[in-house]
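S.K.:
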Amino acid sequence: MKDGIGPSAVNCILNEEFGMKFEMIGKNVRVDDDLRLRVEDKLNKYGRYFDSEITAFVTFSQLKNLKVVEITIPLKNGAVIRAEEESFDMLTSIDKAVDRLDRQVRKHKTALRKRYQTHDSIRFEEIPEAEEHEEEIKIMRTKNFPVKPMSPDEAIMQMELVGHDFFVFLNAETDEVNVVYRRKNGGYGLIEPVLE
Numbered sequence: 001m002k003d004g005i006g007p008s009a010v011n012c013i014l015n016e017e018f019g020m021k022f023e024m025i026g027k028n029v030r031v032d033d034d035l036r037l038r039v040e041d042k043l044n045k046y047g048r049y050f051d052s053e054i055t056a057f058v059t060f061s062q063l064k065n066l067k068v069v070e071i072t073i074p075l076k077n078g079a080v081i082r083a084e085e086e087s088f089d090m091l092t093s094i095d096k097a098v099d100r101l102d103r104q105v106r107k108h109k110t111a112l113r114k115r116y117q118t119h120d121s122i123r124f125e126e127i128p129e130a131e132e133h134e135e136e137i138k139i140m141r142t143k144n145f146p147v148k149p150m151s152p153d154e155a156i157m158q159m160e161l162v163g164h165d166f167f168v169f170l171n172a173e174t175d176e177v178n179v180v181y182r183r184k185n186g187g188y189g190l191i192e193p194v195l196e
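At position 115 of the sequence shown (counting the first as 1) the number is 115 in our numbering, and the numbers step up by one without a gap.
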């Protein structure tokens, strides 16, 4: 690593009392003690929310002058809680990402409780109630459209032609339904669903 820049990773126990784990990964960012301690301090309360089998993944990266922090907490049964924030300072990005994560957990507490009522991975009694009233999730519109086989490059072109941020298509190479999308930090992404 030169000048503190390079890939690095730290595996830690997040909360000794409850045992939730976390992993911190630096992409062209050195995970130093300041970053580790700030994450540990900010995410400490999440050890009360989740059981010891849950791991929080924290990724630090840099895009030009912006410092990006992504926090991902995969839960059992496939749900994922995720927050990503950026600023000109990594410690500020950590604070903003944790605040967003906290709002998401509080806002969706009822929906998570319905999904995980028979599991012990989340301790709902520890999660504070949301300050704003949680809206019930309702599908307001269903849209059907034919999918034709095409390559991911063709799908990106179609997405651009219709002016959308994503496009669902049948991948001609794999014969699977895929999604291409425009990434907020530039470039495109391809989603290939996998059954677990």
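Each residue gets a CB set at the ideal place from its N, CA and C atoms; glycine is no exception.
#1: Ignore the nearest five residues each way along the sequence and tell me which others in A79's own chain have a CB closer than 6 Å to its CB.
#2: Measure the Cβ-Cβ separation of V98 and F60 and say whether it is below 8 Å.
#3: Ends of the alpha helix (DSSP H) at R38?
#4: With distances taken from CA atoms, which of T55, N171 and E84 is nearest R183?
#5: I253 by DSSP, collapsed to three states: which one?
#6: Please classify I94 as buried or exposed, where buried requires at least 16 other C-beta atoms within 10 Å of its C-beta.
#7: Between the Cα of D153 and the Cα atoms of M140, R36 and N178, which residue gives the shortest distance?
#8: With the cut-off set at 8 Å, would you say E173 and S151 are in Cβ contact?
#9: By a C-beta neighbour count over all protein chains shown, 10 Å radius and 16 as the cutoff for buried, is L101 buried or exposed?
#10: Grouping DSSP H, G and I as helix and E and B as strand, with all else coil, what is K96?
#11: Can you grab the Cα-Cα spacing for the pair E160 / K138, in whole Å?
#12: Mind checking whether V147 and F169 have CB atoms under 8 Å apart?
#13: Is the distance from the Cβ of L63 to the Cβ of F88 below 8 Å?
#14: N15 by DSSP, collapsed to three states: which one?
#15: Select from E53, R48 and L35 the residue whose C-alpha is nearest the C-alpha of E70.
#16: With a Cβ-Cβ cutoff of 8 Å, do V68 and F22 count as a contact?
#17: Pull the bridge partners of Q62 from the DSSP assignment, please.
#18: What does a CB cutoff of less than 7 Å around N185 pick up in its chain, not counting 5 residues either side in sequence?
M.R.: On the basis of the data shown:
#1: none
#2: no
#3: D33 to L43
#4: E84
#5: An answer regarding residue 253 cannot be provided, because it is not within the stretch 1 to 196 covered by the chain.
#6: buried
#7: N178
#8: yes
#9: buried
#10: helix
#11: 28 Å
#12: yes
#13: Taking 8 Å as the Cβ cut-off, L63 and F88 do not qualify as a contacting pair.
#14: Low confidence applies here, because N15 scores a pLDDT of 47, under 50, leaving its location unreliable and the question unanswered by this model.
#15: L35
#16: no
#17: K67
#18: L63
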